Amino acid sequence: MAEETKMCPFCGEEILAVAKKCKHCGEFLDERKINKDNCGDLISNADVNDKWKQRFRAVDFFVLDGRWWKYRPGFWKTSIGERFQYSCTLYLADFLSVVAATLFGPIYYICKGMWLKAIVYSVLSIITGGLFWIAFPCLASYDYYRYKLLGKQW
């Protein structure tokens with residue numbers, strides 16, 4: 006008897022429908038986090054302003070679980086125009102937030118409630134001679150998405 010299978014939402018490989026962890030990429034499967042409709046509900050009900058909700062939708066369009074290094078399956082098949090539109094939303098929806106994250110990185114993160122990342126990014130910036138400072142503006146949307154919607158700093 007053949008067992009039911011499904012696609013892993015993280016790597017796109019075929020796995021058993023009852024699997025709790027993907028045997029290919031090692032990711033744990035938590036349906037409430039990867040369900041697209043549920044994520045839309047989380048964004049709509051998030052305690053943030055409308056500009057942040059736009060950014061959260063852009064993060065949700067790009068990546069899985071707010072992880073900037075894991076693109077959604079089929080992401081690269083979307084049109085360049087659509088990807089550009091979401092990029093602009095992600096980084097320019099609230100230009101002052103990006104400027105604040107760039108100029109006042111650790112303070113900005115602490116004000117948003119992500120004090121642990123503020124400390125780690127600051128230490129890494131000191132170790133790398135300031136090179137890691139770019140993480141503050143580049144990762145602010147992803148980090149805040151994970152913090153507000155998933156309750157995680159890591």
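Offset between the sequence shown (1-based) and this note's numbering: plus 5.
Note that CB positions come from ideal geometry on N, CA and C, so glycine has one too.
Fair warning: this is a prediction, and the values are worked out from it, not measured in the lab.
Query: Contact check, Tyr150 vs Gly71, beta carbons under 8 Å; Result: yes
Query: Boundaries of the alpha helix (DSSP H) in which Thr94 is found, first to last residue; Result: 85-97
Query: Exposed unless 16 or more other CB atoms sit within 10 angstroms - verdict on Cys13; Result: buried
Query: Where Asp42 falls, given that 16 or more other Cβ within 10 Å makes a residue buried; Result: In this prediction, Asp42 has a pLDDT of 46, which is less than 50 and means its spatial position is unreliable; nothing more can be read from the coordinates.
Query: Span of the alpha helix (DSSP H), counted from its first residue to its last, around Arg77; Result: Segment: none, Arg77 is in no alpha helix (DSSP H) and carries neither H nor E.
Query: N- and C-terminal bounds of the beta strand (DSSP E) containing Ile20; Result: 19-21
Query: Val68 in three-state terms, based on DSSP; Result: strand
Query: First through last residue of the alpha helix (DSSP H) which encompasses Lys153; Result: 140-155
Query: Local conformation of Arg37 per DSSP, three classes; Result: With a pLDDT of 43 at Arg37, under the threshold of 50, the predicted position of this residue should be treated as unreliable, though the coordinate-derived value follows. If DSSP states are grouped into helix, strand and coil, Arg37 belongs with the helices.
Query: Nearest-angstrom beta carbon gap, Tyr114 and Phe141 [assumed within contact, 8 Å]; Result: 7 Å
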